[in-house]
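A quick write-up on the structure given underneath.
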Amino acid sequence: MMSQRQPTRSQRHIVHGVVGLVVLFFAVVAAPPSAADLVRVLAAVTLKPALDAIAAKYGANKVVLVYGPSPMLAKQIEDGVPADIFFSADKIWMDELAEKRLIKEGTNTDLVGNHLVLIARKGSARPATIVPGFPLAELVGAGPLAMCDPDSHPAGRYAKASLVALGMWPSVETKIARADNPLLAVKMVARGDVPFAIVFTTDSATDVGVEIVGTFPDNTHPRIVYPIAVLAQSRNPEALPFLDFLRSAPATAIFRDLGYVTLGGGS
Numbered sequence: 006m007m008s009q010r011q012p013t014r015s016q017r018h019i020v021h022g023v024v025g026l027v028v029l030f031f032a033v034v035a036a037p038p039s040a041a042d043l044v045r046v047l048a049a050v051t052l053k054p055a056l057d058a059i060a061a062k063y064g065a066n067k068v069v070l071v072y073g074p075s076p077m078l079a080k081q082i083e084d085g086v087p088a089d090i091f092f093s094a095d096k097i098w099m100d101e102l103a104e105k106r107l108i109k110e111g112t113n114t115d116l117v118g119n120h121l122v123l124i125a126r127k128g129s130a131r132p133a134t135i136v137p138g139f140p141l142a143e144l145v146g147a148g149p150l151a152m153c154d155p156d157s158h159p160a161g162r163y164a165k166a167s168l169v170a171l172g173m174w175p176s177v178e179t180k181i182a183r184a185d186n187p188l189l190a191v192k193m194v195a196r197g198d199v200p201f202a203i204v205f206t207t208d209s210a211t212d213v214g215v216e217i218v219g220t221f222p223d224n225t226h227p228r229i230v231y232p233i234a235v236l237a238q239s240r241n242p243e244a245l246p247f248l249d250f251l252r253s254a255p256a257t258a259i260f261r262d263l264g265y266v267t268l269g270g271g272s
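Residue numbers (this note's numbering): 6 to 272.
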């Protein structure tokens, strides 16, 4: 049996000292935000690899992508930040905006889905089937186990829900290193800062230095979907065309190539 030593305070908060990986408010191009035809999209950080590629295909000079945690972006929309489209990693925040009539009726779509996986540094762990009784605490050892904050991030909420459903949460709760976003959790594993992390399938594909150890059963956590909608405040005539492009075959192909589950007939 491996050691059950709790991670230190610095381990649990290791992510906060990493500046270079912050992608909040990253724009695709340095275009003037006042240009009337630019579609301003507020999107979850975990969508960055896919949206960067899709925007490039659509026309990088037509779109400004602003990335951040879904809860924070939703709060900014409530506060009136100028934007045309919201692409969330969690239905909770889209539903909250809909209740407050901050999105346009008929535009709210569950565009893609995802799966939740356990990753390790490439070649460091054997593939496993994650089921009730899976010895995650023993596998993690002294840890820590990286995942997003379950109180403030969709990926963390899904991860905790699955760990609770599988009976693993009490044994790993004190081993958690809370990452600001899943992409950062992947980097932490790739660098060897942590031995394991719980992230989305698509996040695991962003670094060749990590690999999937196992997949958490979909029925142990809320369904992972990414809703998108045009905001009620938007008067930009280009917002709907870009939303339509995100539903098109070229965009769908990019989502699929990056590991997303494409909804409405996708795989």
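We treat Cβ as the ideally placed atom computed from N, Cα and C, and that holds for glycine.
Since this is a predicted model, take the numbers as computed values, not measurements.
Next item on the list: Mind checking which residues open and close the alpha helix (DSSP H) that includes residue 207?
Entry: Taking the sequence shown and counting its residues from 1, the one referred to as residue 207 is at position 202. Note, residue 207: alpha helix (DSSP H), 206-209.
Item checked: Bridge-paired residues (DSSP) for residue 123 -> Taking the sequence shown and counting its residues from 1, the one referred to as residue 123 is at position 118. Answer by DSSP bridge pairing, in chain order: 203, 219.
Note to self: Given this structure, state the Cα-to-Cα distance separating residue 46 from residue 229, to the nearest angstrom.
What the structure shows: In the sequence shown, counting from the first residue as 1, residue 46 sits at position 41. In the sequence shown, counting from the first residue as 1, residue 229 sits at position 224. Their backbone Cα atoms lie some 20 Å apart in a straight line.
Margin query: Threshold first: 4 residues or longer. Then list the alpha helix (DSSP H) segments lying entirely within the stretch 47-103, N to C.
Written below: 53-64, 75-83, all fully within the stretch 47-103.
Note to self: Which same chain residues end up closer than 8 Å to residue 105 when comparing Cβ atoms and leaving out the 5 residues on each side of it in sequence?
What the structure shows: Your numbering for residue 105 matches position 100 in the sequence shown. Only 83 meet the Cβ criterion.
Item checked: Under 8 Å between C-beta atoms of residue 118 and residue 251 -> The residue you call residue 118 lines up with position 113 of the sequence shown. The residue you call residue 251 lines up with position 246 of the sequence shown. Taking 8 Å as the Cβ cut-off, residue 118 and residue 251 do not qualify as a contacting pair.
Next item on the list: Identify whether residue 140 lies in helix, strand or coil by the three-state DSSP scheme.
Entry: Against the sequence shown, residue 140 aligns to sequence position 135. Correct three-state label for residue 140: coil.
Margin query: Rounded to the nearest angstrom, what separates residue 99 and residue 233 at their Cα positions?
Written below: As a working note, residue 99 is residue 94 in the sequence shown. As a working note, residue 233 is residue 228 in the sequence shown. The C-alpha of residue 233 is placed about 8 Å away from the C-alpha of residue 99.
Next item on the list: May I ask which residues mark the beginning and end of the beta strand (DSSP E) holding residue 231?
Entry: As a first step, residue 231 is located in the sequence shown; it is residue number 226 there, counting from the start. Counting along the chain, the beta strand (DSSP E) containing residue 231 begins and ends at 230-235.
Next item on the list: Can you give me the Cβ contacts of residue 161 inside the same chain, cut-off strictly under 8 Å, excluding the 5 residues immediately before and after it?
Entry: One-based indexing of the sequence shown puts residue 161 at position 156. Contacts found: 152, 153, 154, 155, 183.
Next item on the list: Taking the CB atoms as reference points, tell me whether residue 199 and residue 215 lie closer together than 8 Å.
Entry: Position 194 of the sequence shown holds residue 199. Position 210 of the sequence shown holds residue 215. Not a contact, by the Cβ cut-off of 8 Å.
Next item on the list: Measure the alpha-carbon distance for residue 94 versus residue 147 and round it to whole angstroms.
Entry: In the sequence shown, residue 94 corresponds to position 89, counting from 1. In the sequence shown, residue 147 corresponds to position 142, counting from 1. Distance between the alpha carbons of residue 94 and residue 147: 30 Å.
Next item on the list: Mark residue 126 as exposed unless 16 or more other C-beta atoms lie within 10 angstroms of its C-beta, in which case mark it buried.
Entry: If you number the sequence shown from 1, residue 126 lands on position 121. Residue 126 comes out buried.
Checklist line | For residue 130, the three-state DSSP class (helix, strand or coil) | finding: One-based indexing of the sequence shown puts residue 130 at position 125. Assigned with DSSP and collapsed to three states, residue 130 falls in coil, not helix or strand.
Check: Are the C-beta atoms of residue 202 and some chain B residue less than 8 Å apart?
Finding: No chain B appears in this structure, which consists of one protein chain only.
Margin query: Rounded to the nearest angstrom, what separates residue 138 and residue 247 at their Cα positions?
Written below: Within the sequence shown, the letter at position 133 stands for residue 138. Within the sequence shown, the letter at position 242 stands for residue 247. Taking the straight line from one Cα to the other gives about 46 Å.
Next item on the list: Note down the Cα distance separating residue 128 from residue 187, rounded to an integer number of angstroms.
Entry: Looking up residue 128 in the sequence shown gives position 123. Looking up residue 187 in the sequence shown gives position 182. Taking the straight line from one Cα to the other gives about 21 Å.
Checklist line | Contacting residues, own chain, Cβ-Cβ under 8 Å from residue 273 (five flanking each side not counted) | finding: Past the boundaries of the shown model lies residue 273; the chain is included only from 6 to 272, so the question cannot be answered.
Note to self: Here's the rule: buried if 16 or more other CB atoms are within 10 angstroms of the residue's CB, otherwise exposed. What is residue 132?
What the structure shows: The residue given as residue 132 occupies position 127 in the sequence shown. It is exposed - the Cβ of residue 132 has fewer than 16 other Cβ atoms within 10 Å.
Checklist line | Alpha carbon of residue 81 to alpha carbon of residue 92, nearest angstrom | finding: Here the question's residue 81 lines up with position 76 in the sequence shown. Here the question's residue 92 lines up with position 87 in the sequence shown. Spanning the two alpha carbons is a distance of roughly 13 Å.
Checklist line | Cutoff 7 Å; reference residue 167; Cβ partners in own chain excluding five residues on either side | finding: In the sequence shown, the residue the question calls residue 167 occupies position 162. Within its own chain, the residues whose Cβ lies closer than 7 Å to the Cβ of residue 167, once the five positions on either side in sequence are excluded, are 121, 221, 225, 226, listed in chain order.
Notebook entry, point to check: What is the DSSP secondary structure of residue 18, reduced to helix, strand or coil?
Noted result: For the purposes of this step, residue 18 is taken as residue 13 along the sequence shown, with counting starting at 1. Reliability fails at residue 18, whose pLDDT of 44 lies under 50, so the model's placement of it is uncertain and the value that follows must be treated cautiously. Residue state, collapsed to three classes: coil.
Notebook entry, point to check: Is residue 48 closer than 8 Å to residue 265 when the C-beta atoms are compared?
Noted result: In the sequence shown, residue 265 corresponds to position 260, counting from 1. In the sequence shown, residue 48 corresponds to position 43, counting from 1. Annotated as distal: residue 265 and residue 48, with beta-carbon spacing of 8 Å or more.
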